[in-house]
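Peer 1: Sharing a structure below in structure tokens format, with a few things to ask.
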Amino acid sequence: RGLRARGDETVALPRFGTAPWSVEGADAVVNLAGASVAAKRWTPAYKKEIEDSRVLSTRALVDAIRAAKRKPRVLVNASAVGYYGGRGDEVLDENAAPGSDFLANLSRQWEAEAQRAPVRAVQVRTGIVLSAKGGALGKMLPPFKAFVGGPIGSGKQWFPWIHVADEVAAILWCIDHEVTGPMNLAAPGIVTMKEFAKALGHALQRPSWAPVPAAALKILLGEFASALLEGQRAVPKKLLDSGFRFRFEEVNAALRDLFPGG
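Every position in the sequence shown, counted from 1, becomes a number in the working numbering once 1239 is added.
Take a look at the structure:
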């Protein structure tokens, strides 16, 4: 929608595996596809679906770019701050080494496929996108609205977030400017999970007092629980250095914008 809003013509490719892909004549390709990491318990079969929906689809897309006679100028491909794994309080810019857990290994493979493109390629390592229309934030709302909201686990883990408006603006920025390689898409005003839960409660005019115990989360979610209990202190160094300016740098302003009436 951000592209159409500024007058660009957009074409959606068919679902991966249903028809051959062609990007002939496109000026830019944006690939944000991937099965949700939070939709199901991480069984071996679903982990393979998560991986294939990212790695194999990106491989096919890069092959289509290679095959095009008139190639696009740029490929902007999704990745995630999960690339870094759980790193405690370490400040993570784009030069930080990858982690070693499932999401870190997946992100590394995902980015490697995008980097095969014979055009300028940008890998957007995105944090938690804040949107009033669902996503990760939508899953956090019901407990707060029922007056039993609170942080996940200890609340000390870092919570790399970005307002959906800044996410869209940053992707457009990556299309229009000569940036390349990995780019952290997370707001400069990073907060801990406890601080985020407090800000969310304030925006919704609800208390933030009932933490979700780590042990209970592991029983409910299995391996995926680690993705929620171990955060990344990711900073958008390359994005800021390139001249991009965030509309929402601080979490309180972002949440007030999303929930103006509480």
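C-beta atoms are modelled at their ideal positions from N, C-alpha and C, and glycine is treated no differently.
All of these numbers come straight from a predicted model, not from anything done at the bench.
Does the separation of the CB atoms of residue 1503 and residue 1474 fall below 7 Å?
Peer 2: Any question about residue 1503 goes unanswered here, given that the chain covers just 1240 to 1501.
Peer 1: Report buried or exposed for residue 1349, applying the criterion of at least 16 other Cβ atoms within 10 angstroms of its Cβ.
Peer 2: buried
Peer 1: Alpha carbons only, please: which of 1302, 1317, 1318 is nearest the one belonging to residue 1311?
Peer 2: 1302
Peer 1: Can at least three beta-carbon pairs, one atom from the segment 1337 to 1347 and one from the segment 1478 to 1493, be found at a separation below 8 Å?
Peer 2: no
Peer 1: Can you give me the start and stop residues for the alpha helix (DSSP H) that residue 1297 sits inside?
Peer 2: Here the alpha helix (DSSP H) through residue 1297 covers 1283 to 1306.
Peer 1: Check this for me: beta carbons of residue 1388 and residue 1440, under 7 Å apart or not?
Peer 2: Taking 7 Å as the Cβ cut-off, residue 1388 and residue 1440 qualify as a contacting pair.
Peer 1: Is there contact between the segment 1490 to 1499 and the segment 1314 to 1322, where contact requires at least three CB pairs shorter than 8 Å?
Peer 2: no
Peer 1: Suppose you measure from the CA of residue 1420 to the CA of residue 1386; what does that come to, to the nearest Å?
Peer 2: 43 Å
Peer 1: Just how far apart, CA to CA, sit residue 1360 and residue 1483?
Peer 2: 18 Å
Peer 1: Closest to residue 1428 by CA distance: which of 1378, 1404, 1400 is it?
Peer 2: Between residue 1428 and the set 1378, 1404, 1400, the nearest pair of CA atoms involves 1400.
Peer 1: Just to confirm, is the Cβ distance from residue 1432 to residue 1383 under 7 Å?
Peer 2: no
Peer 1: If we call anything under 7 Å between Cβ atoms a contact, is residue 1490 one with residue 1438?
Peer 2: Contact flag set, yes.
Peer 1: So for residue 1346, helix, strand or coil by DSSP?
Peer 2: DSSP places residue 1346 in helix when its eight states are reduced to three.
Peer 1: Please state if the CB of residue 1321 and the CB of residue 1300 are separated by a distance shorter than 7 Å.
Peer 2: No, the pair does not count as a contact, with Cβ atoms beyond the cut-off.
Peer 1: Looking only at its own chain, which residues have a Cβ that is under 8 Å from the Cβ of residue 1347, when we skip the five neighbours before and after it?
Peer 2: 1322, 1337
Peer 1: Have a look at 1413, 1271, 1354, 1308 and flag the residue whose alpha-carbon is nearest the alpha-carbon of residue 1292.
Peer 2: Ranking 1413, 1271, 1354, 1308 by Cα distance to residue 1292 puts 1271 first.
Peer 1: Could you tell me the distance, in whole angstroms, from the CA atom of residue 1252 to the CA atom of residue 1260?
Peer 2: 7 Å
Peer 1: Going by DSSP, which residues form a beta bridge with residue 1362?
Peer 2: 1316, 1421
Peer 1: Going by DSSP in three states, residue 1472 sits in which element: helix, strand or coil?
Peer 2: strand
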